[in-house]
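Student:
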């Protein structure tokens with residue numbers, strides 16, 4: 043199977059604009075630093091797949107945390123601007139814009155603890171299925187792989203950032219006729235508790251280092 047395109051959907055980690063739920067707990071600058079570290083970890087994993095990488099970016103790096111480091115990390119990759127009136131439509135457009143005819147594996151920047159093996163699982167599933175979906179523990183999803191980019195068009199009708207986004211995404215894919223494979227679930231980072239748990243599970247990442255700087259790790263109420 044020819045390598046798919048790895049699509050990283052990212053938001054410039056600008057204080058007050060990125061990880062605002064975290065920012066209410068630890069301050070917006072610290073939250074932006076954590077978001078930057080998460081993006082850098084994700085880009086490192088993306089490069090480790092050996093696949094062509096496309097970064098769909100929204101926002102400007104001019105005022106972002108770790109702007110120079112991020113610019114260097116995305117330099118080897120194709121960078122496209124997100125386009126669309128809302129997040130769902132921006133995802134649809136990003137799949138279309140990233141497509142090179144060999145399938146698309148899409149992730150965000152909220153799972154800094156992933157590794158290339160997680161992404162290869164999603165890509166391998168496309169040998170026998172039309173799509174693969176990895177649920178997030180909060181009810182969303184952390185990875186979507188599609189054999190054809192047009193299969194992502196169904197995302198336009200799915201409410202994003204809801205407790206049932208994952209289930210609704212799977213149902214929309216199946217309504218479009220796609221055979222959907224399951225990829226193991228992961229915890230993504232929205233809250234401080236998420237950040238603590240993910241940092242514990244991947245202590246050597248940039249993300250974990252930034253979480254430690256933001257405050258001492260406290261006992262998490264649930265395991266990763």
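Numbering (our numbering), first residue to last: 43 to 266.
All C-beta atoms in this analysis are idealised placements derived from N, C-alpha and C, irrespective of residue type, glycine included.
According to the neighbour-count rule (16 or more other Cβ atoms, all chains shown, within 10 Å of its Cβ), is residue 212 buried or exposed?
Tutor: For the purposes of this step, residue 212 is taken as residue 170 along the chain shown, with counting starting at 1. The residue is buried, with at least 16 neighbouring Cβ atoms inside 10 Å.
Student: To the nearest angstrom, how far is it from the Cα of residue 165 to the Cα of residue 99?
Tutor: Translated into positions along the chain shown, residue 165 becomes position 123. Translated into positions along the chain shown, residue 99 becomes position 57. One C-alpha to the other measures close to 22 Å.
Student: If we ignore side chains and look at the alpha-carbon of each, how far apart do residue 110 and residue 117 end up?
Tutor: Taking the first residue of the chain shown as position 1, residue 110 is located at position 68. Taking the first residue of the chain shown as position 1, residue 117 is located at position 75. Residue 110 and residue 117: Cα-Cα distance of roughly 10 Å.
Student: Using the C-alpha atoms, what's the distance from residue 147 back to residue 46?
Tutor: Reading the chain shown from its first residue, position 4 is the one you call residue 46. Reading the chain shown from its first residue, position 105 is the one you call residue 147. Rounded to whole angstroms, residue 46 to residue 147 spans 7 Å at the Cα level.
Student: Note down, in chain order, each residue of its chain lying with its Cβ closer than 7 Å to the Cβ of residue 81, except the 5 sequence neighbours on either side.
Tutor: Indexing the chain shown from 1 puts residue 81 at position 39. Result list for residue 81: 52, 55, 112 and 151, in chain order.
Student: Check for me: the beta strand (DSSP E) holding residue 98 runs from which residue to which?
Tutor: Here residue 98 corresponds to residue number 56 of the chain shown, with the count starting at 1. If you look at residue 98, you'll find it in the beta strand (DSSP E) that goes 95-100.
Student: Between the beta-carbon of residue 178 and the beta-carbon of residue 208, is there less than 8 Å?
Tutor: Numbered from its first residue, the chain shown carries residue 178 at position 136. Numbered from its first residue, the chain shown carries residue 208 at position 166. Contact: yes.
Student: Leaving out five residues on either side along the sequence, give the residues of the same chain with a beta carbon under 8 Å from the beta carbon of residue 245.
Tutor: In the chain shown, residue 245 corresponds to position 203, counting from 1. Around residue 245: no qualifying Cβ.
Student: Once you ignore the five residues that flank residue 247 on each side, which residues in its own chain have a CB closer than 6 Å to its CB?
Tutor: Position 205 of the chain shown, counted from the start, is the residue given in the question as residue 247. Excluding residues within five positions, the ones whose Cβ falls inside 6 Å are 83 and 154.
Student: How many angstroms separate the CA atom of residue 261 from the CA atom of residue 253?
Tutor: Against the chain shown, residue 261 aligns to sequence position 219. Against the chain shown, residue 253 aligns to sequence position 211. Residue placement at residue 261 cannot be trusted, given a pLDDT of 38 that sits under 50; what the coordinates show is reported in the next sentence. Straight-line Cα distance between these residues: approximately 14 Å.
Student: Locate the alpha helix (DSSP H) running through residue 240, then write down its first and last residues.
Tutor: Stepping through the chain shown from its first residue, residue 240 is reached at position 198. Note, residue 240: alpha helix (DSSP H), 234-243.
Student: Can you look up residue 254 in the DSSP assignment and give me helix, strand or coil?
Tutor: Taking the first residue of the chain shown as 1, we reach residue 254 at position 212. Residue state, collapsed to three classes: helix.
Student: Would the stretch 192-199 count as touching the stretch 127-141 if we require 3 or more Cβ pairs under 8 Å?
Tutor: yes
Student: Rounded to a whole number of angstroms, what is the C-alpha to C-alpha distance between residue 78 and residue 219?
Tutor: In the chain shown, counting from the first residue as 1, residue 78 sits at position 36. In the chain shown, counting from the first residue as 1, residue 219 sits at position 177. Distance between the alpha carbons of residue 78 and residue 219: 37 Å.
Student: Please report the residue range of the beta strand (DSSP E) in which residue 120 lies.
Tutor: If you number the chain shown from 1, residue 120 lands on position 78. For residue 120, the enclosing beta strand (DSSP E) begins and ends at 120-123.
Student: For the beta strand (DSSP E) containing residue 177, list its first residue and its last residue.
Tutor: Mapped onto the chain shown, residue 177 falls at position 135. First-last of the beta strand (DSSP E) with residue 177: 173-177.
Student: Per DSSP, residue 59 forms a beta bridge with which residues?
Tutor: Counted from its first residue, the chain shown places residue 59 at position 17. None, per the DSSP bridge assignment.
Student: Let's see if you can read the secondary structure: which residues bound the beta strand (DSSP E) around residue 51?
Tutor: Position 9 of the chain shown holds residue 51. Run containing residue 51: 47-53, per the beta strand (DSSP E) assignment.
Student: Take the Cβ of residue 189 as the centre, count every other Cβ of all protein chains shown within 10 Å, and call the residue buried at 16 or more, exposed below.
Tutor: Here residue 189 is taken as the residue at index 147 of the chain shown, counted from 1. So residue 189 counts as buried.
Student: When DSSP labels each residue in this structure, what does residue 110 get in the three-state scheme?
Tutor: Here residue 110 refers to the residue found at position 68 when the chain shown is read from its first residue. In the structure shown, residue 110 sits in a helix (DSSP, three-state: H, G or I).
Student: Out of 228, 162 and 250, point me to the one whose CA is closest to residue 290's CA.
Tutor: This structure cannot settle anything about residue 290, because the visible part of the chain is limited to 43 through 266.
Student: Taking 8 Å as the limit between beta carbons, can you name the residues of its chain near residue 203, skipping five residues before and five after?
Tutor: Translated into the one-based positions of the chain shown, residue 203 becomes position 161. If we look at residue 203 and ignore the five residues flanking it on each side, its Cβ neighbours are 129 and 182.
Student: Between residue 85 and the rest of its own chain, which residues show a CB-CB distance below 6 Å, the 5 nearest in sequence each way excluded?
Tutor: For the purposes of this step, residue 85 is identified with residue 43 of the chain shown, where counting begins at 1. Within the same chain, residue 85 has close Cβ partners 115.
Student: Where does the unbroken beta strand (DSSP E) through residue 140 begin, and where does it stop?
Tutor: For this step, residue 140 is matched to residue 98 along the chain shown. Counting along the chain, residue 140 falls outside any beta strand (DSSP E), though it belongs to the alpha helix (DSSP H) covering 129-140.
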